[in-house]
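So in this note's numbering the end of the sequence shown lands on 1082, straight run, no missing numbers.
Remarks on the structure that follows.
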Amino acid sequence: MARSLFLTVPYRRKILFLICLIFFSSYFIICRHIRNEYYLALLKSRLAIGSQQNPTHRNSLFTLPYGTSTMLSSATPPITLKYQNTSNSRSVQSKSTASQDHKSRVKNGNDKDNHSKQRYDETKINPNPMLKTESITVSQRPTSPAATKPLNRKVMLAWTTWFGLKWPYNNGIFHCGSFTCEVTLDKNRLKSSDALLFHGAEASMKNKNMFPKRDAVSPRQLWVYHSYENPVVTHGVNIQSGIYPFHNNIFNIIMTYTQDSDIPTCYGGYGKSQNRNQFIKTHNYAKGKNKLIAWVSSGCYTGRLTFVQQLAQYLPIDIYGKCGNLSCPRNDSCWEKLSSQYKFYLSFENFVCRDYITEKYYKNSLGRRLVPIVVSGANLQDETVAPPNSYINVFDFKTVEDLADYIQLVGSNDTLYNSYFHWKASYKDQGRSCDMGSGMCTLCANLHNDTWVTQKSRTIPDFMHRWGLNKDNCIDYGDVFIKNVTTGQVNIMPHPYY
C-alpha cells in the first residue's frame, strides 16, 4: 500500500521537484565559488602590480568607472571611491579637493582600461561664462599614485561671494602649467591662506566688520580686490557696495579691467592672426539687412538714454528692452534676428570709464556681424582691445549730427559697410588671454614667486582714489556730450582718457 502511494503521480512530481532543486542549487553554488576564486586571483595580481608601482598602496586598490567625465562645479557633491582589499570592501568619501598626499593633473576624454596603474577621473571646467580660458584645469582626484610628498600648492580663500555666488574653482584644486593652487571657502583657514579674494560688487564690501583684522594675518598674505564692474556701478547705481576710506591700506592686488591693474581681467580682446580666410573680404555683409540701428538695453541710465534720443533725431533706432518699446528675448534666436536685419548696433557703455569696454562691443556687435557704434572709455586704438576699422568711434566726431551723417553714409554704401569686416581676415578673438580664468592663473603663478609676493606685500594707501568714484576713473555722459543751448546742437568732447 505504501509503495503504491509513493508511486502515485503527485508524489513522483514532488520527488522530481526536490531532486531538480538540489541539483540546480549545487550548480549555482559551485559556479559562484569558481567565479569568486577567479576574481580573487585577478585582484591579487592587480594588487601585486600596484604595490610594485607604489609601495604605500600595497594593501589597497582604488577602482573607478573607466571612460567617464565629471564636470566640477560649485555644486559638485563628495565623490565616493570604492576601497577594496582581499579581506573586505568599504566606501571612502573623498572631497573634490585632492588629498595632499597626491599630485593632481587634468586628463580629458575617455581612456582605455589599464590594469597596470590606478586611474582617477578629472576634467577641464568652465563654471562661468566669463571663464573661457583653456589654461586652467581642475582635479577631483589625483592622477599620480607614485606621488608621496605634499603638494606645493597655494591657497586662495574667497572671503566674499562672486556676483552673489560661489567663486570659480571654489573648493577645488586647479593647475596652471606647473603651478598648483586651491580656492577654498573655509574661513577657518584664514591664517594659512596665501591670498584672500574680495569681489568689489558685493554689498558686504561696505561693511567694515566683514573684513578680518589685517594685523592678525601674515604680511605676506595678499588681499586681492577683483571687479568686472566700473566704479560708478559698484558705488551704488545697481549694487550697494562702493569704495570707502577704510578700503585704503588693506588691499595688495587690484584685479580689474583697467590696463594698470596688477592683474588685468577683461571682457575680450583681439590679436593678429596668419592665414585667415580671405573669403571674408568678398562676402557681402550688407545683404538682406534692411534696417539701420538696433540697441538692446534694460539699463536706462539718464545720460546714456538722453544721448540715444538725441541721435535718434537724425537716424531710425530700434530700441529693445526696458528702455524702448520693442521686445526680443536675449537668446541666440533674437541675436540672429538682429544681425540679419540690422547693420549697426549701439555699443554704448553705461558710463564712460577708463579702459571699460564690455560684451556690448565684443559679443553683441563683433560676434553678431554688426558694426558697433561705440561709446567707451577704452583705448580703441590699441589693436589688442579692438581690431582696426571694426567700429565707429563716437569720439571721432565733433557733433551728433556729424556722427549721424557718417552712419548714414556707411549704411547706404555696401562697399564702405563691408570694409568694416575686413579685420576678420587678419585678427582673431584672443579674449582668453585676459579673462577671469587667465587672471586666476596669473595670480596662482605669481603666488609661487617669492619675489613678486614680497613686492606686493605693501598695501595700497590710495585705493579709494585709485578705484573710487572720481573723474580719473569715470565721467558721466553729460560731461562729454554737451548741448549748445543757442544752436541746439550736441557737441562731442574729445575722448577723456585717450
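Every residue, glycine too, gets a C-beta built ideally from N, C-alpha and C.
Owing to the predicted nature of the structure, the values given are computational and were not obtained by experimental measurement.
Shorter than 6 Å, the distance from the beta carbon of residue i to the closest heavy atom of the ligand ATP, or not?
i	result
Asn793	With respect to small molecules bound, the structure shown includes none, and the ligand ATP cannot be examined in it.
Whose C-alpha, out of the options, is nearest the C-alpha of residue i?
i	options	result
Asn1054	Tyr753, Pro1045 and Asn814	Asn814
Thr849	Ser811, Tyr945, Phe932 and Cys604	Ser811
Lys906	Leu922, Leu899, Cys884 and Gln925	Cys884
Leu749	Val739, Tyr990, Ile757 and Ser788	Ser788
Gly1052	Ala988, Asp799, Leu741 and Arg938	Arg938
Ser911	Phe928, Ser881, Val955 and Asn934	Ser881
His1079	Tyr1061, Gly1072, Arg952 and Thr768	Tyr1061
Tyr869	Ser857, Phe608 and Ser1003	Ser1003
Gly852	Gly1023, Trp751 and Val994	Gly1023
Phe1047	Asn836, Ile603 and Leu769	Asn836
Lys927	Asp1034, Leu954, His819 and Thr999	Leu954
Trp743	Phe763, Asn736, Phe758 and Thr768	Thr768
Ser762	Lys771, Gly961 and Arg737	Arg737
Asp1034	Pro803, His759, Ser996 and Lys856	Pro803
Thr968	Trp751, Ser960 and Asp1013	Asp1013
Trp807	Val936, Cys1058, Ser1041 and Gly951	Ser1041
Asp844	Arg1050, His783, Ile603 and Phe601	Arg1050
Val1094	Leu602, Val801, Val817 and His1032	No information on residue 1094 is available, as it lies outside the stretch 585 to 1082 that the chain covers here.
Thr890	Tyr1082, Phe601 and Val1074	Val1074
His819	Ser996, Asn1057 and Ser931	Asn1057
Gly784	Thr764, Cys760 and Thr745	Thr745
Asn833	Lys856, Tyr809, Ile847 and Tyr854	Tyr809
Cys760	Ile957, His1032 and Asn909	His1032
Tyr929	Gly908, Val958, Glu920 and Asn909	Val958
Within 10 angstroms of its Cβ, does residue i collect 16 or more other Cβ (buried), or is it exposed?
i	result
Asn694	The predicted position of Asn694 is uncertain, since its pLDDT is 37 and thus under 50; a value taken from the coordinates is nonetheless stated next. Exposed.
Gln1039	exposed
Ile599	exposed
Glu786	buried
Gln805	buried
Ile838	buried
His867	exposed
Met740	buried
Phe607	exposed
Gly1021	buried
Glu933	buried
Phe782	buried
Phe601	exposed
Thr842	buried
Arg798	exposed
When DSSP labels each residue in this structure, what does residue i get in the three-state scheme?
i	result
Lys775	coil
Tyr809	strand
Ala1009	helix
Arg888	helix
Arg804	coil
Ser762	coil
Val1074	strand
Asn620	For Asn620, the predicted structure reports a pLDDT of 48, less than 50, and the residue's modelled location is therefore unreliable. The matter cannot be settled from this model.
Asp916	helix
Leu954	coil
Asp1034	helix
Ala659	With a pLDDT of 34 at Ala659, under the threshold of 50, the predicted position of this residue should be treated as unreliable, though the coordinate-derived value follows. In the structure shown, Ala659 sits in coil (DSSP, three-state: anything other than H, G, I, E or B).
Phe935	coil
Tyr869	coil
Tyr926	strand
Lys856	strand
Tyr904	strand
Gly1023	helix
His1079	coil
Leu876	strand
Lys738	strand
Phe782	strand
Leu600	helix
Val816	helix
Leu964	coil
Leu899	coil
Ile757	strand
Leu605	helix
Ile847	coil
Consider the Cβ of residue i: report whether some Cβ of chain D lies at a distance smaller than 7 Å.
i	result
Leu954	Given the protein chain composition of this structure (a single chain), no chain D is represented.
Would you check if the stretch 912 to 921 and the stretch 777 to 796 touch, i.e. whether three or more CB-CB distances between them fall below 8 Å? Counting C-beta pairs with one atom in each stretch, the stretch 777 to 796 and the stretch 912 to 921 have fewer than three that are closer than 8 Å, which means they do not touch.
Cβ contact check for the stretch 864 to 875 and the stretch 1019 to 1039: 3 or more pairs under 8 Å: At 8 Å Cβ cutoff, the stretches do not touch.
The stretch 1001 to 1014 in contact with the stretch 962 to 982 per 3-pair CB rule at 8 Å: Touching, yes, given that three or more Cβ pairs across the two stretches are closer than 8 Å.
Contiguous beta strand (DSSP E) assignments of at least 3 residues, all confined to the stretch 1037 to 1067: Whole beta strand (DSSP E) segments, 3+ residues: 1065 to 1067.
Taking contact to mean 3 or more Cβ pairs, one atom from each stretch, closer than 8 Å, check whether the stretch 944 to 953 and the stretch 977 to 991 are in contact. With fewer than three CB-CB distances shorter than 8 Å, the stretch 944 to 953 does not count as touching the stretch 977 to 991.
At 4 residues or longer, and completely inside the stretch 967 to 1006: list those alpha helix (DSSP H) runs for me, N to C. Positions of the alpha helix (DSSP H) runs, each at least 4 residues long and wholly inside the stretch 967 to 1006, are given as 984 to 995 and 998 to 1002 in order along the chain.
Quick one: any contact between the stretch 826 to 838 and the stretch 1059 to 1073, if contact means 3 or more CB pairs under 8 Å? Contact fails: fewer than three Cβ-Cβ distances are below 8 Å.
Using 8 Å as the threshold, is the stretch 886 to 901 in touch with the stretch 770 to 786, meaning 3 or more CB pairs across them? Verdict: no, contact absent.
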